[in-house]
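Here's the structure we're looking at; comments come further down.
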Amino acid sequence: MGAQSKGVVMRKWKSALVALTAVGALALSACSGSSRGDTASDPSSGAAGFPAGSTIGVALPQKTSENWVLAEGLFNDGLTAAGFKPLVQFANGGVTEQQNQIQAMIEQGAKVIVVGAIDGSQLGSQLKAAQDAGIKVIAYDRLLENTANVDLYVAFDNFKVGVLQGQALLDGLAKQKGSGPYNIELIAGSSDDANSTPFFQGAMSVLQPKIDDGTLKIPSGQTKFEQATTQGWKAENAQKRMDTILSGFYAGSTKLDGILSPNDTLARAALTSVHQAGKPNPVITGQDSEVESVKLIMAGTQYSTIYKDTRELVAKTIDQVKLAQQGQPFEVNDTKTYNNGVKVVPAFLLDPKIVTKDNAAQVYANDPNLAPLTK
Ligand code: BGC
133 MGAQSKGVVM RKWKSALVAL TAVGALALSA CSGSSRGDTA SDPSSGAAGF
183 PAGSTIGVAL PQKTSENWVL AEGLFNDGLT AAGFKPLVQF ANGGVTEQQN
233 QIQAMIEQGA KVIVVGAIDG SQLGSQLKAA QDAGIKVIAY DRLLENTANV
283 DLYVAFDNFK VGVLQGQALL DGLAKQKGSG PYNIELIAGS SDDANSTPFF
333 QGAMSVLQPK IDDGTLKIPS GQTKFEQATT QGWKAENAQK RMDTILSGFY
383 AGSTKLDGIL SPNDTLARAA LTSVHQAGKP NPVITGQDSE VESVKLIMAG
433 TQYSTIYKDT RELVAKTIDQ VKLAQQGQPF EVNDTKTYNN GVKVVPAFLL
483 DPKIVTKDNA AQVYANDPNL APLTK
């Protein structure tokens, strides 16, 4: 994501949050027609769409967290149940592999391509080829950037995820670490993932005033996204950085009270580092409700996570594919937030939930994988 488009996206966040509550579910007829001149614009054919039973491509990134693995099975089952032919692929080899997979989906006649991008700014020519072939493109969980060739974005509200994480960190510190000031460190996600900036900025919208008033101190001085980022969302990168920070800035009895972590995988990596350094358990945030982290939350070791029910996100995406198949416009509830540098991408945003030990049983009550962990 270029610095400029980041800026554009960020400036829109605040107003969008307000707009979100006001807009509600709103069908945008303009977004499904786009500029492709496909059959949807031919009044004589009625609802145009495409044949039931068509191939639907789903291009997923690397398996950097459990949610992606869950999505694979859910897309395969859900698309098959809806009568489509799913073509679901991971790109564990990286960006080039994902580009090739999307190209192959076009050649195999996919009618919709759903993309969970590794790097949402590196797929421009494949997405253009898809739209030139009349294929609808849905950005899944991560925004597709610097391209006009995306029809819809379906995701949990990323900025809100960050806000909830920042607030949880403050709440946990107040509960577990007495009165401030508190020493904390910041971890951000991978810089090629469009979500990492809104996660970080959402959290900083809550934390920055507390840094400014002296309640929070960051002994490493690493307060910028660029300093806190974790390449490839890799646990070993977060762990190494935390090791370096601990040996450099937390010698002797200097305490580390809290860590902002953008997801569960990196939270567990940071905890390993802190425990190996012989420091007391810090208050630490996370995201994704991964099984190992939910166990740590129930044990009191990880303070919070975020619940983004992958079943809900995939089901919502498949509903949108069905609308496209029937020649109907996509369902959107946000038309302001996601400026991808070229256009504002119409979005359907779902609501993320904060989870701590206190509300885990209630939040996971309807999730058969997670509910038993809270008993
Ligand atoms: C997702 C997070 C996930 C991260 C690493 C992000 O784009 O929104 O849920 O933790 O990728 O896989």
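Numbering-wise (the numbering used here), the sequence shown opens with residue 133 and increments by one. Where is the CB? At the ideal position from N, CA and C, for every residue including glycine.
Rounded to the nearest angstrom, how far is the Cβ of residue i from that of residue j, given a contact under 8 angstroms?
i, j, result
"Val338", "Gly298", "3 angstroms"
"Val464", "Gln308", "Not really, about 41 angstroms apart at Cβ, beyond 8 angstroms."
"Ala249", "Leu276", "6 angstroms"
"Asn208", "Val227", "Not really, about 23 angstroms apart at Cβ, beyond 8 angstroms."
The beta strand (DSSP E) that contains residue i, what's its start and end?
i, result
"Asn315", "Tyr314 to Leu318"
"Ser436", "Ser436 to Tyr439"
"Ile270", "Lys268 to Tyr272"
"Ile245", "Val244 to Val247"
"Phe288", "Leu284 to Phe288"
Please return the same chain residues whose Cβ sits closer than 7 angstroms to the Cβ of residue i, not counting the five positions on each side in sequence.
i, result
"Thr212", "Pro218"
"Ala280", "Val474 and Lys475"
"Leu158", "Confidence at Leu158 is low in this model, with a pLDDT of 38, below 50, so the placement of that residue should be treated as unreliable; the coordinate-derived value is given next. Val464 and Asn465, listed in sequence order."
"Arg274", "Gly248, Ala249, Gly252, Asp325, Ala326 and Asn327"
"Gly346", "Pro313"
Relative to the alpha-carbon of residue i, which residue among the options has its alpha-carbon at the smallest distance?
i, options, result
"Ala360", "Lys427, Asp251, Ala320 and Pro193", "Ala320"
"Asp499", "Glu463, Ser393, Ala180 and Thr442", "Thr442"
"Thr262", "Ala236, Glu463, Gly248 and Ala249", "The displayed chain sequence assigns Ala, not Thr, to residue 262. It is Ala236 whose Cα lies nearest to the Cα of Ala262."
"Pro394", "Phe291, Asn465, Val453 and Thr386", "Phe291"
"Gly334", "Asp289, Ser425, Ser322 and Gly459", "Asp289"
"Ile391", "Tyr496, Asp345, Phe216 and Ala370", "Ala370"
"Pro183", "Lys485, Gly459 and Ala497", "Gly459"
"Phe357", "Thr417, Val244, Ser323 and Ala383", "Ser323"
"Leu301", "Gln354, Gly353, Asn232 and Leu388", "Leu388"
"Pro508", "Ala287, Thr376 and Gln340", "Lying outside 133 to 507, the shown extent of the chain, residue 508 is not represented and no answer is given."
"Gly312", "Leu348, Asp283 and Phe332", "Leu348"
"Gly225", "Lys195, Gly432 and Gly205", "Lys195"
Give me the DSSP bridge partner(s) of residue i.
i, result
"Asn471", "Val476"
"Pro218", "Ile188"
"Thr404", "Thr404 pairs with nothing; no bridge assigned."
"Thr386", "Bridge partners of Thr386: none, in fact."
"Thr488", "Ser436"
"Ile350", "According to DSSP, Ile350 bridges with nothing at all."
"Val415", "Gly390"
"Leu482", "Phe288"
Which residues mark the beginning and the end of the alpha helix (DSSP H) in which residue i is found?
i, result
"Gln194", "Run containing Gln194: none; DSSP gives neither H nor E here."
"Gly380", "Ala367 to Phe381"
"Phe357", "Phe357 to Ala360"
"Thr442", "Thr442 to Gln457"
"Ile250", "First-last for Ile250: undefined, no H or E at that position."
"Leu259", "Gly256 to Asp264"
Report all residues from its chain with a CB closer than 6 angstroms to the CB of residue i; omit the five preceding and five following residues, and keep chain order.
i, result
"Pro351", "Asn315 and Phe381"
"Leu428", "Gln434"
"Ile238", "Ala261, Ala262 and Ala265"
"Lys411", "Leu388"
"Val244", "Ile188, Lys268, Val453 and Ala456"
"Glu229", "Ala223"
Counting only C-beta atoms, is residue i closer than 8 angstroms to chain B at any point?
i, result
"Asp289", "Absent from the structure is chain B; it holds one protein chain and no more."
Excluding five sequence neighbours on each side, which residues of the same chain lie with their C-beta closer than 8 angstroms to the C-beta of residue i?
i, result
"Ala214", "Ile450, Val453 and Lys454"
"Thr420", "Before going further, note that residue 420 is Asp rather than Thr in the sequence given. Excluding residues within five positions, the ones whose Cβ falls inside 8 angstroms are Ser197, Glu198, Asn199, Asn395, Asp396, Thr397, Thr437, Ile438 and Lys440."
"Asn501", "Val423"
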